[in-house]
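Heads up: the structure comes next, in C-alpha cells.
There are 2 protein chains.
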Amino acid sequence: MTVTDDLDLNLLLADTEEEILRVVANRDASTVGVYEMVRYHLGLDGSAGPRGKRMRPLLGLLAYASIAGDHQASLPGAAAVELGHNFSLVHDDIEDGDIERRHRPTLWAVHGIPQAINTGDLIFSLSRVALHRLSDLGFSDTKVLRLMRLYDETCVMLCEGQYIDIATSAQGEPMTVDLYFDMIGRKTAALISASIEAGALLATDDEDVIGHYRRFGWSLGLAFQLNDDLLGIWGVELQTGKVPTDIVRHKQTLPVLYAFEHATPADHARLTAIYKTDEPTDAEVAEVVAILERAGAADFTRSEAQRHRDQCLVELDGLSVIGPKAHEKLTGIIRSVISA
Amino acid sequence: MTVTDDLDLNLLLADTEEEILRVVANRDASTVGVYEMVRYHLGLDGSAGPRGKRMRPLLGLLAYASIAGDHQASLPGAAAVELGHNFSLVHDDIEDGDIERRHRPTLWAVHGIPQAINTGDLIFSLSRVALHRLSDLGFSDTKVLRLMRLYDETCVMLCEGQYIDIATSAQGEPMTVDLYFDMIGRKTAALISASIEAGALLATDDEDVIGHYRRFGWSLGLAFQLNDDLLGIWGVELQTGKVPTDIVRHKQTLPVLYAFEHATPADHARLTAIYKTDEPTDAEVAEVVAILERAGAADFTRSEAQRHRDQCLVELDGLSVIGPKAHEKLTGIIRSVISA
Numbered sequence: 162m163t164v165t166d167d168l169d170l171n172l173l174l175a176d177t178e179e180e181i182l183r184v185v186a187n188r189d190a191s192t193v194g195v196y197e198m199v200r201y202h203l204g205l206d207g208s209a210g211p212r213g214k215r216m217r218p219l220l221g222l223l224a225y226a227s228i229a230g231d232h233q234a235s236l237p238g239a240a241a242v243e244l245g246h247n248f249s250l251v252h253d254d255i256e257d258g259d260i261e262r263r264h265r266p267t268l269w270a271v272h273g274i275p276q277a278i279n280t281g282d283l284i285f286s287l288s289r290v291a292l293h294r295l296s297d298l299g300f301s302d303t304k305v306l307r308l309m310r311l312y313d314e315t316c317v318m319l320c321e322g323q324y325i326d327i328a329t330s331a332q333g334e335p336m337t338v339d340l341y342f343d344m345i346g347r348k349t350a351a352l353i354s355a356s357i358e359a360g361a362l363l364a365t366d367d368e369d370v371i372g373h374y375r376r377f378g379w380s381l382g383l384a385f386q387l388n389d390d391l392l393g394i395w396g397v398e399l400q401t402g403k404v405p406t407d408i409v410r411h412k413q414t415l416p417v418l419y420a421f422e423h424a425t426p427a428d429h430a431r432l433t434a435i436y437k438t439d440e441p442t443d444a445e446v447a448e449v450v451a452i453l454e455r456a457g458a459a460d461f462t463r464s465e466a467q468r469h470r471d472q473c474l475v476e477l478d479g480l481s482v483i484g485p486k487a488h489e490k491l492t493g494i495i496r497s498v499i500s501a
Numbered sequence: 162m163t164v165t166d167d168l169d170l171n172l173l174l175a176d177t178e179e180e181i182l183r184v185v186a187n188r189d190a191s192t193v194g195v196y197e198m199v200r201y202h203l204g205l206d207g208s209a210g211p212r213g214k215r216m217r218p219l220l221g222l223l224a225y226a227s228i229a230g231d232h233q234a235s236l237p238g239a240a241a242v243e244l245g246h247n248f249s250l251v252h253d254d255i256e257d258g259d260i261e262r263r264h265r266p267t268l269w270a271v272h273g274i275p276q277a278i279n280t281g282d283l284i285f286s287l288s289r290v291a292l293h294r295l296s297d298l299g300f301s302d303t304k305v306l307r308l309m310r311l312y313d314e315t316c317v318m319l320c321e322g323q324y325i326d327i328a329t330s331a332q333g334e335p336m337t338v339d340l341y342f343d344m345i346g347r348k349t350a351a352l353i354s355a356s357i358e359a360g361a362l363l364a365t366d367d368e369d370v371i372g373h374y375r376r377f378g379w380s381l382g383l384a385f386q387l388n389d390d391l392l393g394i395w396g397v398e399l400q401t402g403k404v405p406t407d408i409v410r411h412k413q414t415l416p417v418l419y420a421f422e423h424a425t426p427a428d429h430a431r432l433t434a435i436y437k438t439d440e441p442t443d444a445e446v447a448e449v450v451a452i453l454e455r456a457g458a459a460d461f462t463r464s465e466a467q468r469h470r471d472q473c474l475v476e477l478d479g480l481s482v483i484g485p486k487a488h489e490k491l492t493g494i495i496r497s498v499i500s501a
C-alpha cells in the first residue's frame, strides 16, 4: 500500500482489510477451522458478498489522518475497532436469534452456538492482538497503553449497553426514553466515539483536541443510531437493502418508546396491544406507524438526530488542526449519516 | 491488608478477592443487574457456597512473591487471570450445556443464554481493566504492556483450544493423543503458565528467570490437567466433591484416547460401541474402565502426569532467585497437583 494524502475511502478500506487479514491469518494446522470461521464472519473469506460498511475503522483512520496527514500508522487501531465491533455482532446474533446478516447465514446458524460463542471470543482476543502492532510501528508504550485503556473501558460499556438491551427486551414494559439514550450511548456511541478518539490520540498529545474528537464521535454515534431507528420504520428497501422490520420485530427504538410516553390513552392502548401480538399484520404495522406519527415520534426522533449531527459539526469546527481536505471528508460523512 | 512475607495462602486469597471485588463493583444505577450476575458467577455475591480454588491467581502471586518477597503489587495481575479464567467458564458452561457449577446453577441456567454470553464478555472486558491498575501501582508502561501482550496471546490460545475441543467432540471419531496434548496445552497449560510467567515478569527483568517460570507453569498446567483426567475416571467423591463422570459423559480425556490407540481390536470395538451409547449402564462404565486399564491407559496417564510434575521441580530448582519459604510453598503445590 502506498502513502496517501487524498484520503481515498476505498484505499483506506483496502488497507484496513489487509491489516485485519494479517491478524486473522491461519496460525497452525490444528486451528485452521476457527480462523476460517473468523474470516467468514468478517466477509474476508474470499466470497464476493457485502462485508459491512467498516464505518468505525474508517472514521478512526480519517480522524488520525485529519491531524497527521496520512492514515498508515493508525491501521492497527482501525483493525482493532472493526474486530471489536464484529466480536459483538457474532454474539449479538446468537443473543437475538438472528439467522442472517449481510445476506448470509450468521455464524451460529452455520456452526452452532458453541463454536459461534467461542469464535466471537477469539475475535475479541484478536482485536487486542491487533493493537500491539502499534508498538512495532513506533508509538510509545505510554500511548499504546492509553489507547488500550480507552478500548478496554469501551468494551465494558458495550457489554453494559447490551445488558440493558437484553434485560428490557425480556420485560413486558417498554423502557423509558431516558434509559434508551443511556443504552445507545453505551451500545453504539461509545465504540464510534472511541474509534475517533483513538485516531486523534495517536496523532496528537493535545488533550483539548482529543476532547473535541471524542465529543464529535459521541454525537455522531447517537445521530447514526437515531437515523437507523428512523430507517427501521420509515426507511425504504433501496437505502438499507432490507425492508423496515423494526415494528414487526417489536424492536424498542426511540420512535416507539417516545410514542409510549406521548401517545393519547387510546393510541397507547392500541400500541400496547399490537406490541403484544406475535405476528402483527400489515394493517397493524401501518396502524402503529400512524400512532407514532400522531404522537410526534418521527419528528422528535428526526430532530434529535439532527441536533446530534449539528453538534458533530460544531465540534469539528472548533478544531484548528484539521486540513481542508480532511474537514471536507469528515463533514461529508457527518451529513450523510442522516439519510432518513 | 497488611504486607506479608510468610505467604499465607488464605491471606493471598482474601487479597485476591478484594482486588477482584474492586473491579466488579457496581458502576451506576442502570447496570447493577449485570454486575450482580458477574459477582454471582464469581461466588462473590455474599453467598456462603464454594467459590473455586483460585489456583491461577494464587500461583501468580506466589511466583511474584517468590522473587519480590511480597505479593501486594501483583494483585491486579492475579485478579486479571482469575477473571479471564471465569469468563471462559461462563461461556464453557453454555457451550457444554452444563447447568451446575460449584453446586449452584450456572449463569445461563439462571438468566438465559443471551445474558450469560454477554456477562461472560463483560468479565472478559473487566479482566483487562484489572490490569491497568498495575500502572497506578508504579509498574512501567513497558512492563504493563508486555504483560498485556502475554495475556492477549494467552486468550487467543484459550479460544483455539476450545475450538479444538468443540470440533472434536462434534465428530464421531476420537481425536489423536497428539492432538489432545496440543489442545490441553492451549486450553489449560497456557493460562496457568501465563499466570506464573506474569508474576515473574512483574518481579524481574531477567529473561532467563522468566523463562524458567514460564516452563514451570506450562508443565504444571499439563500435570494438573492429566491429574484431572485421572480423577474423572478413577477419582473418588471425597477428593473432588463429585462422582467420576467422564465416561458417562463420553468425555475424550487422555486415558480414553490412549485406549482408542492401544486397545486390542476386540476392546477397541467394545469401547467404540459403548462410547456411542447415549446412557451407558454402570456395568458398561465398569467395562470401559477395565478396557482402559488393560490398554495401560491409567499407567500412561499417571506417568505423563508425573513426568510433567517432575519437570516443574526441575525448572524450580534451576532458579536461584527463590527464597526458601517460597520454594517450599511452590514445591508443596507442585506435589499436591498429583492426587490421583
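First to last, the sequence lines map onto chains A and B.
Take the first sequence: its letters are residues 162 to 501, numbered as in my numbering.
Take the second sequence: its letters are residues 162 to 501, numbered as in my numbering.
All residues carry an ideal CB built from backbone N, CA and C; glycine is no exception.
Q. Measuring CA to CA, which of S464/A, I494/A, R183/A is closest to L244/A?
A. On the first sequence, residue 244/A is found 83 positions in, with the first residue counted as 1. It is R183/A.
**Q.** Interface positions of the segment 277 to 288 of chain B facing chain A (Cβ-Cβ less than 7 angstroms), listed along the chain
**A.** I278, N279, D282, L283, F285, S286, L287
Q. CA-CA distance, K348/A and S227/B?
A. Along the first sequence, one-based indexing puts residue 348/A at 187. Along the second sequence, one-based indexing puts residue 227/B at 66. Cα-Cα distance, rounded: 43 angstroms.
Q: Please list the partners that C473/B has in chain A, where partner means a Cβ-to-Cβ separation under 8 angstroms.
A: As a first step, residue 473/B must be located in the second sequence, where it is residue number 312. Listed by position along chain A, the residues whose Cβ is nearer than 8 angstroms to that of C473/B form an empty set, because the closest Cβ is around 25 angstroms away.
Q: Measure the Cβ-Cβ separation of V242/B and G213/B and say whether it is below 7 angstroms.
A: Here residue 242/B corresponds to residue number 81 of the second sequence, with the count starting at 1. Here residue 213/B corresponds to residue number 52 of the second sequence, with the count starting at 1. No, they are not a contact pair.
Q: Compare the C-beta of G238/A against all C-beta atoms of chain B and say whether one is closer than 7 angstroms.
A: Your numbering for residue 238/A matches position 77 in the first sequence. With 7 angstroms as the cut-off, G238/A does not count as an interface residue toward chain B.
(Q) According to DSSP, is L399/B part of a helix, a strand, or is it coil? (A) Numbered from its first residue, the second sequence carries residue 399/B at position 238. Per-residue confidence for L399/B stands at a pLDDT of 49, beneath the threshold of 50, marking its modelled position as unreliable; the derived number appears in the next sentence. It is helical.
Q. In three-state DSSP terms, what is R294/B?
A. Start at 1 with the first residue of the second sequence, and residue 294/B comes out as number 133. Three-state result, R294/B: helix.
**Q.** Distance between A240/B and A447/A (C-alpha atoms, nearest Å)
**A.** Along the first sequence, one-based indexing puts residue 447/A at 286. Along the second sequence, one-based indexing puts residue 240/B at 79. C-alpha separation (whole angstroms): 53 angstroms.
Q.
Short of 9 angstroms Cβ to Cβ, which residues in the segment 198 to 230 of chain A face chain B?
A. Residues of the segment 198 to 230 of chain A with a C-beta atom less than 9 angstroms from some C-beta of chain B are M198, listed in chain order.
Q: With distances taken Cα to Cα, identify the nearest neighbour of Q386/A among F248/A, M309/A, M198/A, T414/A.
A: Taking the first residue of the first sequence as position 1, residue 386/A is located at position 225. Ranked by Cα distance from Q386/A, the first of F248/A, M309/A, M198/A, T414/A is T414/A.
Q) Looking at the unbroken alpha helix (DSSP H) that takes in A240/A, where does it start and where does it end? A) Along the first sequence, read from residue 1 onward, the residue named residue 240/A stands at position 79. It spans 236 to 257 - the alpha helix (DSSP H) in which A240/A sits, taken as one unbroken run.
**Q.** CB-CB length for L554/A against I353/A, believed under 8 angstroms
**A.** Nothing about residue 554/A can be reported from this structure: the residues present for chain A run from 162 to 501 only.
Q: Could you tell me whether the Cβ of G194/B comes closer than 7 angstroms to any Cβ of chain A?
A: Position 33 of the second sequence, counting from 1, holds the residue named residue 194/B. With 7 angstroms as the cut-off, G194/B counts as an interface residue toward chain A.
Q | Beta-carbon neighbours of Q323/B, restricted to chain A and to distances below 7 angstroms | A | In the second sequence, the residue the question calls residue 323/B occupies position 162. The contacting residues are N279.
Q | Inter-residue spacing [alpha-carbon to alpha-carbon] between V450/A and Q472/A | A | Here residue 450/A is taken as the residue at index 289 of the first sequence, counted from 1. Here residue 472/A is taken as the residue at index 311 of the first sequence, counted from 1. V450/A and Q472/A: Cα-Cα distance of roughly 29 angstroms.
(Q) Does the CB of P275/A have a neighbour CB from chain B at under 7 angstroms? (A) Within the first sequence, the letter at position 114 stands for residue 275/A. Chain B, which has a Cβ nearer than 7 angstroms to the Cβ of P275/A, makes this yes.
Q.
Using the Cβ count rule (16 or more neighbours within 10 Å means buried), how would you classify V193/A?
A. If you number the first sequence from 1, residue 193/A lands on position 32. It is exposed - the Cβ of V193/A has fewer than 16 other Cβ atoms within 10 Å.
Q. Between the segment 326 to 351 of chain B and chain A, which residues of the former have CB atoms less than 7 angstroms from a CB of the latter, in chain order?
A. I327, A328, L340, D343
Q.
Just to confirm before moving on: does the CB-CB distance between V338/B and E422/B stay below 7 angstroms?
A. As a position in the second sequence, residue 338/B is number 177, starting the count at 1. As a position in the second sequence, residue 422/B is number 261, starting the count at 1. In this structure, the beta-carbon distance from V338/B to E422/B falls below 7 angstroms.
**Q.** Proximity test, Cβ basis, 7 angstroms: T303/B and chain A
**A.** Position 142 of the second sequence, counting from 1, holds the residue named residue 303/B. Yes, T303/B counts as interfacial toward chain A.
Q) Should L292/B be labelled buried (16 or more other beta-carbon atoms within 10 Å of its own) or exposed? A) Position 131 of the second sequence, counted from the start, is the residue given in the question as residue 292/B. The residue in question, L292/B, is buried, as its Cβ has 16 or more Cβ neighbours within 10 Å.
Q: Kindly list the residues whose CB is nearer than 6 angstroms to the CB of R294/A, restricted to its own chain and excluding five residues on each side of it in sequence; keep chain order.
A: Your numbering for residue 294/A matches position 133 in the first sequence. Around R294/A: P237.
Q) Using 8 angstroms as the threshold, is the segment 461 to 469 of chain B in touch with the segment 435 to 443 of chain B, meaning 3 or more CB pairs across them? A) Per the Cβ contact rule, the segment 461 to 469 of chain B is not in contact with the segment 435 to 443 of chain B (fewer than 3 Cβ pairs under 8 angstroms).
Q.
For L399/B, would you say it is in contact with chain A, using Cβ-to-Cβ distances shorter than 7 angstroms as the test?
A. Translated into the one-based positions of the second sequence, residue 399/B becomes position 238. Confidence in L399/B is poor, its pLDDT being 49 and thus under 50, which makes the residue's placement unreliable; the coordinate value appears in the next sentence. No, its Cβ sits nowhere closer than 7 angstroms to a Cβ of chain A.
**Q.** Complete runs of the alpha helix (DSSP H) confined to the segment 415 to 484 of chain A [at least 4 residues]
**A.** 415 to 423, 426 to 436, 443 to 456, 458 to 478
Q: Take E489/B and list the residues in its own chain whose beta-carbon comes closer than 6 angstroms to its own, dropping the five residues that flank it on each side.
A: Locating residue 489/B in the second sequence gives position 328, counting from the first residue. So the list is empty, once near-sequence residues are dropped.
(Q) Please state the DSSP three-state secondary structure of R375/A. (A) The residue you call residue 375/A lines up with position 214 of the first sequence. If DSSP states are grouped into helix, strand and coil, R375/A belongs with the helices.
(Q) If you reduce the DSSP assignment to three classes, tell me which class R200/A lands in. (A) Looking up residue 200/A in the first sequence gives position 39. Residue state, collapsed to three classes: helix.
Q. Along chain B, in chain order, which residues have C-beta atoms closer than 8 angstroms to that of E448/A?
A. Position 287 of the first sequence, counted from the first residue, corresponds to residue 448/A. Within chain B, no residue comes near E448/A; the closest Cβ sits about 30 angstroms away, beyond 8 angstroms.
Q: Leaving out five residues on either side along the sequence, give the residues of the same chain with a beta carbon under 7 angstroms from the beta carbon of H264/A.
A: On the first sequence, residue 264/A is found 103 positions in, with the first residue counted as 1. Once the five neighbours on either side are set aside, the close Cβ partners of H264/A are G210, P211.
Q.
Using the three-state DSSP reduction, which class does R496/B fall into: helix, strand or coil?
A. For this step, residue 496/B is matched to residue 335 along the second sequence. Helix at R496/B.
Q.
Using the three-state DSSP reduction, which class does R183/A fall into: helix, strand or coil?
A. Locating residue 183/A in the first sequence gives position 22, counting from the first residue. Reduced to three states, the DSSP call for R183/A is helix.
**Q.** Closest Cα partner of L383/A within the set D297/A, I495/A, H429/A
**A.** To locate residue 383/A, count along the first sequence from 1; it is residue 222. Per the Cα distances, I495/A.
Q: Anything in chain B within Cβ reach of R310/A, meaning under 7 angstroms, just list it in chain order.
A: If you number the first sequence from 1, residue 310/A lands on position 149. Simply H293.
Q.
Considering just the uninterrupted stretch of the alpha helix (DSSP H) at E321/B, what are its terminal residues?
A. Here residue 321/B refers to the residue found at position 160 when the second sequence is read from its first residue. Looking at the DSSP string, the run of the alpha helix (DSSP H) that includes E321/B is 302 to 331.
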